[in-house]
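Numbering (this note's numbering), first residue to last: 1 to 55.
Each residue gets a CB set at the ideal place from its N, CA and C atoms; glycine is no exception.
These notes are about the structure you will find just below.
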């Protein structure tokens with residue numbers, strides 16, 4: 001996907017209120033979906049090496 005470049009991104013960031021944190025905006029929705037996908041696809045796994053002993 002792509003994050004749309006909109007003037008509100010710059011303006012909000014300059015004011016300390018990035019639009020990426022507001023899921024009701026187009027940019028915020030893209031970031032929210034990206035975070036959701038990363039959470040699912042990059043979820044940690046419980047794999048251990050047999051020779052590695054966790055104390």
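Let me know the secondary structure DSSP gives residue i once reduced to three states.
i, result
"residue 45", "coil"
"residue 11", "helix"
Any idea if residue i is buried or exposed, counting beta-carbon neighbours within 10 angstroms, 16 or more meaning buried?
i, result
"residue 25", "buried"
Apart from the five residues on each side of it in sequence, which residues of its chain come closer than 7 Å, Cβ to Cβ, to residue i?
i, result
"residue 12", "18, 19"
Taking 9 Å as the CB-CB limit, is residue i close to chain C?
i, result
"residue 50", "No chain C appears in this structure, which consists of one protein chain only."
Leaving out the 5 sequence neighbours to the left and right, which residues in its chain are closer than 6 Å to residue i when beta-carbon positions are compared?
i, result
"residue 14", "none"
"residue 31", "20"
"residue 9", "19, 27"
Would the stretch 38-46 count as touching the stretch 7-24 if we require 3 or more Cβ pairs under 8 Å?
Not touching, per the Cβ criterion.
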